[in-house]
Every structure is written in C-alpha cells, then in structure tokens.
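J.: Have a look at this one.
Protein chains: 2
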Amino acid sequence: MTERKKPVGQPDKRRAIVTGALTLFARDGYTRAGLDAIAAEAGVSNRTIYNHFTDKAELFQTVIQESTRRVADTMVDIIDRHLSKVVDLEADLVDFGMAWLGVLTSDLAPHFALIRQINAEIEHIPPAALELWRDSGPGRTRRELAERLRRIAERGELAIDDPARAAGHLMLLISADNLTDRAALHDESALREMVAAGVHTFLHGYVRRPRHDAGEQ
Amino acid sequence: MTERKKPVGQPDKRRAIVTGALTLFARDGYTRAGLDAIAAEAGVSNRTIYNHFTDKAELFQTVIQESTRRVADTMVDIIDRHLSKVVDLEADLVDFGMAWLGVLTSDLAPHFALIRQINAEIEHIPPAALELWRDSGPGRTRRELAERLRRIAERGELAIDDPARAAGHLMLLISADNLTDRAALHDESALREMVAAGVHTFLHGYVRRPRHDAGEQ
DNA sequence: TAGACATTACATCGATCGGTGTAGCGAATG
DNA sequence: CATTCGCTACACCGATCGATGTAATGTCTA
C-alpha cells in the first residue's frame, strides 16, 4: 500500500493528461467523460494515457489527489494570510471570506465541480479512499481554520468550545448563498454582502439582546 | 409547455416505475442507471417504461419532480409543526432541527442522493428546469422557514433583517456536520449535540461579550 | 550511430446501453 | 364473444466506450 510507483513517460505529458482529465471529469463526470475526449483535451494520444495510468479509475483518483492538494494548499495559504494577525475581527473575517470565495471563481474552479461529482458517486467510492481524501482536503483546511480560531479565542475575542465545529460553521456561513444561488458568485457587491451577513451571524447570531449603550424596556 | 399529458397505462405500474427509478437514479446516477436495471427494480418490463415515458430524460425529470414535491411537503409540515407556536425558542429550534434531520434518514433518504446527482450534472441541466426545481423544492421550504422566522422576529425574540438569508443560515447550521461526516447521522446523541451547537451559533454566535449577571473586567 | 523508450495513429474486441419492433398473453369492456 | 389495451418476453440495431494490439515515428542517451 505504501509502495511508491516510479513515474513512467514524459512528465509534461502526464501533467497535460491530468489537467485535461480534470477539465472533463469536472464538466461531465466520471462515467460521461470518455477517454478519447480526455486524450483530445490533453492533446495526447489515447494510448499514451494507458502508458501513464493503468486504469480510468486510477486516472480519476490521481486527478482528485492532485487537485485536492493544490486547492488545500491555496486555502491554507488564505487562512494564514488573513487570520494570523487580526486587528478588527469582523472586518478581517469578511476579507478572509472574500478571498475564500475568490477561489471558487479562480482557475481552481473545476475542482469544485469535481467535488460535486465525488459527492454524487460517494456510494461507489471505497471508504478508505474517501476518508483519505477528506482528511487531506477539506479536513486539512478545517483543522487549519480551527487552529486559527482557537488562537483568536485564546486572546479572549471569541468564546469557542469546539474550534473544529466553529470552523465548519464559519465555512458554511461564508458561502451560504452559494448553495442556493450560484449566479451571485459574480456580483462583487452582492457577494460582499453575503459574506458580511455570514460573518455577522457567525459572530453575533440572531437573538435579540439588550443594547449596552441604550436602555431598553 | 402547459399542456397536460393524459396518463397512459396502469397507474400502479407507473408509480412502481417512478419509485424504482428513484432508487437507481439516486444510487447510480443518471448515466449509470440502466433502463433494464430500473425495469427490474420496478418489477416491470423494459418495454413498459417506454409506454409511460417517451424518454429516459423524461423519466428522470418526472422522478425529480415527484420526489421534490413529496420532500418539500414533508419539510413544510415539519416547519409548521415545530415553529408555529414557540415557547422556548432555543429548545424548539433544536427539536425542529432534529425532526429536520430525521428526514435525511427516513424513507425519503434516496431523494437527497438524487439531489447530489443533480448538483453534479448541474451544467447539463437546462436553466429553466433548474430554476423550476429550485423554486418548488428548496426555495419553497426556505420561504416557509423564512416566514416563520419573520413572525418570531416580529414578536421581538429575534433581530432579523433578511428572513430568507436567516433561514438559509439556520438550515446550514442545523446540518453542519452532515457535510463532513455522514456517519454521525446515525448516532442520536452526537446528532443532537450537532443540532444544539448549530442552533446556538444561529442564536448567539461566537463573539465573547460581557455577561449580564456578573461583572467582567 | 545504435539501442531503448515514449508517443502516435489506427484497428479492433467485447460489453453495455438506449431505444425499437414484434408477437403473444391476460384482463377489462362492450 | 369480440375488441381493445396494456403488459411481457425476446430479439435486435446502432452507437458508445474502455481497453488492448500493433506497427511506425520520433527522441534522448550511451
């Protein structure tokens, strides 16, 4: 299981195959994406794919791993860049959320279409591989975000019992409307309002409480 | 477009086809689910399917519509049953969340696998049909939940600017861990803790604020 | 230069699948 | 009883697809 497979073939061809496969897997899904189409997209012969990968399944797994790795790196980088030094918590969280959402529309966008494919075929994926992916992908970013939140809480700005759960809540709230209205992803102002609302809920919730500066009946 | 198609064939056969198709579409996805397998699952001949539906695509659309309708009805019912009369807001929201999550493990469970299939093939679905589904499915439940929250806010228990957005936040927070750990869906106590944490975040957020009963520096 | 290796185009195989045609069976209706 | 209609079983077609075989071309290196 820990065996390291020696790379065969030219590495640039291999990368072209993987990126082309990512494009088509993301757009058409595992079953629909034909190997001929992938080969054409990668500018590579059909036969070359089988020189680098034994199987369509192995190609798919490789695509997932490499794409997950890259996206997780990006996410962790965003977390570190925005939440290492916090001066205005709410404003910094909003900026962080905007950068976070920016990834969804970047050149890494196909990855998230691929994630939806994975979620769809989740019943057909061996649980071990699934767990491995979760741990190295969303799990890793969640742990990183949780650690940052824990430190902020340590300084007394947040009251967090379970940092991992809080991180999950924050990630959900930041991209809340993304799940219901994907068109809003390209409207900058609406996007900022969504993030601001999510961050506000994350910090303050919705319960009405008496103001501190003014008396209330 | 508004034409009403007269039903052909025996209605019980038709229902068997639709429910069988739901099972296989949910498990295997649109492409993988073969018509022979669907026919076998429904206890029906292959040819009978084409007596009731012109196309595989039309069968799929029918399955989506009927399943969406049933689930939305259930959801709306849960909302009305738990949030019409609220005495203890936080406790009632937790109970509501538990009932909400209960649907995910009920006999309606295949529906949500079908939703994942839709999300995966979202690029290949005509936008009009997609909008129609969103409006009659999640959109409808969200509007219903938003209306309940608006009334609660009117009574002064919640401070809500945008009820629709608040409803979205609540739905996300209730089933937060569902997205990362589906195994927890069958542990009653862990499930209740997840819902309680989500509701607590929805109401109070995470920001640390001075207590009302005790002085703080 | 010679040999090893990667890539390519092309042909092919077996399997699956969506969809259709056909003939026969059974039940309900008149 | 005769007709109609829906269901079934079966065979079949055309297309797609994953995967392999093969022979030729190109490229890098010893």
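In order, the protein sequence lines correspond to chains Y and C.
Take 338 as the starting number for the first sequence in the numbering used here and just add one per residue.
Take 338 as the starting number for the second sequence in the numbering used here and just add one per residue.
Built from N, CA and C at the ideal position, the CB exists for glycine as well.
1) Does residue 495/Y come out as helix, strand or coil in the three-state DSSP assignment?
2) Go through its chain and collect everything with a Cβ distance to residue 401/Y's Cβ below 8 Å, but skip five positions before and after it.
3) I'd like to know if residue 513/C contacts chain Y, where contact means its C-beta is closer than 8 Å to some C-beta of that chain.
4) Which residue spans inside the stretch 448-509 of chain C form an unbroken beta strand (DSSP E) run of at least 3?
5) Applying the criterion that 16 or more other CB atoms from any shown protein chain within 10 Å of the CB defines a buried residue, is residue 340/Y buried or exposed?
6) Can you confirm whether residue 544/Y, when its beta carbon is compared against all beta carbons of chain C, has any partner nearer than 8 Å?
7) Report the residues of the stretch 426-449 of chain Y with a CB closer than 8 Å to any CB of chain C, ordered along the chain.
8) Quick one: list the residues of chain C neighbouring residue 517/Y, beta-carbon separation under 8 Å, in chain order.
9) By the criterion of Cβ-Cβ separation under 8 Å, what are the contact partners of residue 398/Y in chain C?
10) Taking residue 437/C as the reference, which of 373/C, 478/C, 464/C, 465/C has the closest Cα?
11) Is there contact between the stretch 532-551 of chain C and the stretch 425-442 of chain C, where contact requires at least three CB pairs shorter than 8 Å?
12) Thinking C-beta only, is residue 373/Y closer than 8 Å to residue 388/Y?
13) Run through chain C and tell me which residues come within less than 8 Å of residue 368/Y, C-beta to C-beta.
14) Could you check which residue in 481/C, 419/C, 537/C, 484/C has the C-alpha nearest to that of residue 502/Y?
15) Using beta carbons (cut-off 8 Å, strictly below), is residue 339/C in contact with chain Y?
16) Near residue 381/C, which residues of its chain fall below 7 Å by C-beta distance, leaving aside the five closest residues on each side in sequence?
17) Determine the extent of the alpha helix (DSSP H) in which residue 387/C is found, giving its start and end residues.
18) Starting from residue 544/C, follow its DSSP beta bridges and name the residues at the other end.
19) For my contact list, residue 445/C and residue 405/C are in at a C-beta cut-off of 8 Å; report their separation, rounded to the angstrom.
20) Please confirm if residue 462/Y has its CB atom under 8 Å from at least one CB of chain C.
21) Flag this pair as yes or no: are the beta carbons of residue 496/Y and residue 504/Y separated by less than 8 Å?
22) With a CB to CB cut of under 8 Å and the five nearest residues on each side skipped, what residues in its chain are close to residue 494/Y?
23) What are the boundary residues of the alpha helix (DSSP H) that includes residue 398/C?
T.: Taking the structure as given:
1) Looking up residue 495/Y in the first sequence gives position 158. Here residue 495/Y sits in strand by DSSP.
2) Taking the first sequence and counting its residues from 1, the one referred to as residue 401/Y is at position 64. Cβ neighbours of residue 401/Y beyond the five flanking positions: 451, 455, 470.
3) Within the second sequence, numbered from 1, the residue matching residue 513/C stands at position 176. Chain Y contact via Cβ: present.
4) none
5) Within the first sequence, the letter at position 3 stands for residue 340/Y. Note that residue 340/Y scores a pLDDT of 41, beneath 50, so its modelled location is shaky and nothing firm can be said.
6) Your numbering for residue 544/Y matches position 207 in the first sequence. So yes, residue 544/Y belongs to the interface.
7) 426
8) In the first sequence, residue 517/Y corresponds to position 180, counting from 1. Under the 8 Å cutoff, chain C gives 471, 475, 476, 479, 505.
9) In the first sequence, counting from the first residue as 1, residue 398/Y sits at position 61. Near residue 398/Y there are no residues of chain C at all, since even the closest Cβ is about 17 Å away, more than 8 Å.
10) Stepping through the second sequence from its first residue, residue 437/C is reached at position 100. Selected option, being the one with the closest Cα: 478/C.
11) yes
12) Along the first sequence, one-based indexing puts residue 388/Y at 51. Along the first sequence, one-based indexing puts residue 373/Y at 36. Not in contact: residue 388/Y and residue 373/Y (Cβ atoms no closer than 8 Å).
13) Here residue 368/Y is taken as the residue at index 31 of the first sequence, counted from 1. Within 8 Å Cβ-Cβ: 366, 368, 369.
14) For this step, residue 502/Y is matched to residue 165 along the first sequence. The option with the nearest alpha carbon to residue 502/Y is 537/C.
15) Here residue 339/C is taken as the residue at index 2 of the second sequence, counted from 1. At residue 339/C, the pLDDT of 37 sits below 50, so the modelled position is not reliable; the number obtained from the coordinates is stated separately. Residue 339/C does not count as touching chain Y.
16) Counted from its first residue, the second sequence places residue 381/C at position 44. These residues qualify, in order along the chain: 350, 353, 354.
17) Numbered from its first residue, the second sequence carries residue 387/C at position 50. Residues 383-389.
18) By 1-based counting over the second sequence, the position of residue 544/C is 207. According to DSSP, residue 544/C bridges with 495/Y.
19) On the second sequence, position 108 is the one that residue 445/C refers to. On the second sequence, position 68 is the one that residue 405/C refers to. Not quite, the Cβ-Cβ distance comes to about 11 Å (not below 8 Å), so this is no contact.
20) In the first sequence, the residue the question calls residue 462/Y occupies position 125. Residue 462/Y does not count as touching chain C.
21) For this step, residue 496/Y is matched to residue 159 along the first sequence. For this step, residue 504/Y is matched to residue 167 along the first sequence. Cβ distance not < 8 Å, so residue 496/Y and residue 504/Y don't count as in contact.
22) The residue labelled residue 494/Y in the question sits at position 157 within the first sequence. Around residue 494/Y: 423, 426.
23) In the second sequence, residue 398/C corresponds to position 61, counting from 1. From DSSP, the alpha helix (DSSP H) with residue 398/C extends over 393-420.
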